[in-house]
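Undergrad: Before I ask anything, here is the structure I am working with.
In my numbering, the protein residues as written are 12 to 328.
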């Protein structure tokens with residue numbers, strides 16, 4: 012989401028993104044991840060530049076919010092057409108970084124521009140969804156989410172949807188570089204991460220829980236229960252398998268599993284990949300236990316919530 016006009020007044024970008032993700036997840040019945048980008052049409056910064064650090068192919072829907080007038084200050088008789096053409100040119104350039112099936116919604120939150128600009132934008136580009144909302148009320152976000160829900164449902168039936176692309180393998184070197192850029196490796200224990208791990212073990216009722224990262228040739232644990240913090244060999248790591256996909260890895264009984272997994276004291280394992288803001292999978296949050304259990308008993312949405320919570324903490328450092 013470019014811009015913060017749809018978020019509750021006073022919300023920081025990460026707060027607004029979290030509120031939006033929760034609302035979309037409740038509406039769709041599926042997990043949702045939202046990234047908010049600080050951007051304004053008046054800033055002069057192109058959309059593509061504002062999203063320079065993001066792995067754009069991961070996103071299903073892009074929402075561009077215009078909170079300021081893009082017509083004010085233009086003196087020609089064709090000011091509206093010029094403003095629409097400029098915006099669509101930005102969208103077209105940004106689209107080069109998206110998958111062809113990614114949906115783009117342009118939200119017009121500046122009331123003086125809405126009528127004329129909406130008509131000009133619709134005439135210029137059929138594949139861009141144009142929505143006019145009242146940013147002075149709280150009705151804008153629900154409307155955008157409802158439109159997003161419908162677009163996502165239609166998109167999911169498409170073979171080239173980003174929803175299927177996200178599970179593709181990522182180059183190991185990208186992960187190594189992303190872990191290094193986080194600056195988290197080999198740092199001291201921190202109470203905020205320890206609290207998250209304690210909460211995970213309590214909520215999932217497991218002996219063990221951990222926040223791990225997978226740099227080159229090792230697993231490094233930032234916080235853990237029933238598992239040592241610091242470095243450990245990859246051959247003992249379940250999380251090295253978790254980072255290979257975009258969704259959860261749940262193992263009811265590792266001793267009976269057919270896939271190649273560590274054979275140690277851990278029998279039950281449930282992990283969710285940790286991603287950077289650009290979508291690179293760098294590690295995992297996980298819970299585990301010496302006793303096997305039913306895989307269906309794991310509340311995957313809760314596990315994902317912990318992954319999002321840890322990511323939020325990583326960027327507060």
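Beta carbons: idealized from backbone N, C-alpha and C, even for Gly.
#1: Looking at the structure shown, is residue 187 part of a helix, part of a strand, or coil, going by DSSP?
#2: Write down every uninterrupted run of the beta strand (DSSP E) in the segment 182 to 247 whose length is 3 residues or greater and which is fully enclosed by it, in chain order.
#3: Roughly how many angstroms separate the alpha carbons of residue 6 and residue 300, rounded to a whole number?
#4: How is residue 68 classed by DSSP in three states: helix, strand or coil?
#5: Pop quiz: residue 115 and residue 73 are said to be a contact at Cβ under 8 Å. What is the actual Cβ separation, rounded to whole angstroms?
#6: When we look at the beta-carbon of residue 233 and count the other beta-carbons within 10 Å, is it buried (16 or more) or exposed?
#7: Rounded C-beta distance between residue 76 and residue 139? I'm assuming under 8 Å.
#8: Measuring CB to CB, does residue 99 end up less than 8 Å from residue 136?
#9: Work out the CA separation of residue 34 and residue 150 for me, nearest whole Å.
#10: Nearest-angstrom Cα distance between residue 237 and residue 289?
#11: Nearest-angstrom Cα distance between residue 226 and residue 196?
#12: What distance in whole Å lies between the Cβ atoms of residue 27 and residue 315, which are believed to be in contact at a cut-off of 8 Å?
#13: Residue 183: buried (16+ other C-beta within 10 angstroms of its C-beta) or exposed?
#14: Just the Cα atoms here: how many angstroms apart are residue 241 and residue 231?
#15: Could you tell me whether the Cβ atoms of residue 45 and residue 32 are closer together than 8 Å?
#16: Tell me which same chain residues have a C-beta within less than 7 Å of the C-beta of residue 295, skipping the five on either side of it?
#17: Which partner residues of residue 292 appear in the DSSP bridge assignment?
#18: Roughly how many angstroms lie between the CA atoms of residue 181 and residue 145, to the nearest whole one?
#19: Helix, strand or coil for residue 113 per DSSP?
#20: Can you tell me whether residue 64 is buried or exposed, with buried defined as 16 or more other CB within 10 angstroms of its CB?
#21: How many Å lie between residue 93 and residue 213 at the Cα?
TA: Taking the definition as stated:
#1: Residue 187: helix per DSSP, three-state reduction.
#2: DSSP runs (the beta strand (DSSP E)) wholly in the segment 182 to 247: 219 to 224, 230 to 236 and 241 to 243.
#3: Outside the shown range of the chain, which is 12 to 328, sits residue 6, and nothing can be said about it.
#4: If DSSP states are grouped into helix, strand and coil, residue 68 belongs with the helices.
#5: Going by Cβ atoms, the distance from residue 115 to residue 73 rounds to 5 Å, so yes, they are a contact pair.
#6: By the neighbour-count rule (16 or more Cβ atoms within 10 Å), residue 233 is buried.
#7: The beta carbons of residue 76 and residue 139 sit about 13 Å from each other, so the pair does not count as a contact at 8 Å.
#8: Their beta carbons are under 8 Å apart, which means residue 99 touches residue 136 by this criterion.
#9: Taking the straight line joining both Cα atoms gives about 13 Å.
#10: Looking at the two C-alpha atoms, the distance is approximately 31 Å.
#11: Their Cα atoms are separated by approximately 8 Å.
#12: Contact between residue 315 and residue 27 is ruled out by a C-beta separation of about 19 Å, above the 8 Å threshold.
#13: It counts as exposed.
#14: So the alpha carbons of these two residues sit roughly 5 Å apart.
#15: Yes; because the gap between Cβ atoms is below 8 Å, this pair is in contact.
#16: Scanning its chain for C-beta atoms nearer than 7 Å, with the 5 sequence neighbours on each side dropped, one finds around residue 295 the residues 223, 250, 253, 254, 282, 283, 284 and 285, in chain order.
#17: Among the bridge pairs identified by DSSP, residue 292 is matched with 286.
#18: Roughly 40 Å between the two C-alpha positions.
#19: Residue state, collapsed to three classes: coil.
#20: Result: exposed.
#21: Taking the straight line joining both Cα atoms gives about 58 Å.
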